[in-house]
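What follows is one structure encoded as structure tokens, with my remarks underneath.
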Ligand code: ATP
Ligand code: MG
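Numbering (my numbering), first residue to last: 183 to 477.
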């Protein structure tokens, strides 16, 4: 087992049937007890990722979709910034999903996600995603009511139906060679408070503070129930959830990096092999460049 798989294994959920969120400690730092050690491993992970991404791009067959879901201040932005720092921007697209626009509400809820899926050879990052449809929409019934879905379709089975549809969508992508990995950054309520206070205290962080986020905190328990139920129903071997401890950012970063490395290593990526004709072409080009006078 690679270092990446070993590190990430306790946090990978492939079968949600026995999943309990309370079994996962947001403060956990696994077997890594110092920030320094984590930073060293992260640097190694980023180097591996750079190499793997370069092969992904050259091979141009697989696509990778990384989904990040979390409560406010859990550090989604920081993860994306740090962990992806080694990847070539040409092979990576990030999209943040906000409250749906009028145009988006005029379509089915997967429409806006479909338009942002990564191409083959690319890593796509969803900062929030279609999983919000069983999170914020579930926690706030008025959001569902305003979603323009015909009222007769808003039955008590709606969440079960959505889990089923989302599972089918993840499976559809997987069967197309678009690999789906889902991350829940598991922050404690206590640490969220600390980070909000920090945003209030430090002028350079004030812009990140939103009063709405503090109001959303009132729904903490409802969100935790929604997250738990979502993971129970949508974790699968093909599209696992990673429940990443998020109270220590240095640990969050290294585990996410390890999960991405693990995922891409499993794809057995390789540079395309050049065939005999192409080799002949390359030899001829080299001869031309070397043999002819300067052009
Ligand atoms: P940050 O606060 O770190 O900048 P963020 O992801 O919280 O990042 P915001 O603009 O604060 O970005 O919030 C986006 C909001 O959009 C969230 O409150 C989220 O719940 C909401 N949202 C996303 N998808 C949906 C959806 N499908 N339906 C309703 N609300 C959604
Ligand atoms: Mg926010």
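From the three backbone atoms N, C-alpha and C, an ideal C-beta is built for every residue, glycine too.
I'd like the span of the beta strand (DSSP E) that includes residue i, first residue to last.
i: residue 278; result: 274-278
i: residue 402; result: No beta strand (DSSP E) contains residue 402, which is instead part of the alpha helix (DSSP H) from 402-416.
i: residue 388; result: Counting along the chain, residue 388 falls outside any beta strand (DSSP E), and DSSP gives it neither H nor E.
i: residue 368; result: 360-368
With respect to the alpha helix (DSSP H) encompassing residue i, which residues constitute its N-terminal and C-terminal limits?
i: residue 433; result: 431-448
i: residue 263; result: 258-265
i: residue 187; result: 185-190
i: residue 464; result: 458-473
i: residue 319; result: 318-321
i: residue 214; result: Premise fails: residue 214 is in no alpha helix (DSSP H) and is neither H nor E.
i: residue 343; result: 340-357
i: residue 295; result: 293-296
i: residue 479; result: In this structure the chain extends from 183 to 477, so residue 479 is not present and cannot be described.
i: residue 287; result: 284-287
Per DSSP, which one or two residues make a beta bridge with residue i?
i: residue 306; result: 247 and 275
i: residue 425; result: 366
i: residue 195; result: 423
Rounded to whole angstroms, what's the CA-CA distance from residue i to residue j? Just pull it up for me.
i: residue 340; j: residue 329; result: 13 angstroms
i: residue 440; j: residue 185; result: 8 angstroms
i: residue 456; j: residue 237; result: 14 angstroms
i: residue 422; j: residue 195; result: 6 angstroms
i: residue 401; j: residue 429; result: 19 angstroms
i: residue 216; j: residue 433; result: 9 angstroms
i: residue 321; j: residue 399; result: 12 angstroms
i: residue 470; j: residue 460; result: 15 angstroms
i: residue 245; j: residue 449; result: 10 angstroms
i: residue 436; j: residue 247; result: 18 angstroms
i: residue 204; j: residue 367; result: 14 angstroms
i: residue 327; j: residue 334; result: 11 angstroms
i: residue 212; j: residue 386; result: 32 angstroms
i: residue 263; j: residue 472; result: 43 angstroms
i: residue 261; j: residue 464; result: 41 angstroms
i: residue 359; j: residue 342; result: 26 angstroms
i: residue 412; j: residue 191; result: 20 angstroms
i: residue 296; j: residue 305; result: 15 angstroms
i: residue 200; j: residue 414; result: 7 angstroms
i: residue 258; j: residue 239; result: 24 angstroms
i: residue 224; j: residue 370; result: 23 angstroms
i: residue 189; j: residue 235; result: 20 angstroms
i: residue 324; j: residue 214; result: 43 angstroms
i: residue 427; j: residue 458; result: 50 angstroms
i: residue 251; j: residue 462; result: 50 angstroms
i: residue 392; j: residue 268; result: 31 angstroms
i: residue 249; j: residue 419; result: 16 angstroms
i: residue 208; j: residue 356; result: 29 angstroms
i: residue 183; j: residue 447; result: 11 angstroms
i: residue 406; j: residue 280; result: 20 angstroms
i: residue 396; j: residue 288; result: 30 angstroms
i: residue 292; j: residue 467; result: 48 angstroms
i: residue 273; j: residue 241; result: 12 angstroms
i: residue 300; j: residue 362; result: 11 angstroms
i: residue 331; j: residue 285; result: 14 angstroms
i: residue 378; j: residue 431; result: 15 angstroms
i: residue 294; j: residue 311; result: 9 angstroms
i: residue 416; j: residue 365; result: 12 angstroms
i: residue 374; j: residue 210; result: 16 angstroms
Problem set entry | Secondary structure, beta strand (DSSP E): runs of 3+ residues fully inside the segment 216-253 | 245-252
Exercise. Around ligand 2, what residues have a beta-carbon under 7 angstroms from a heavy atom of it, in chain order?
Worked result: 254, 392 and 395
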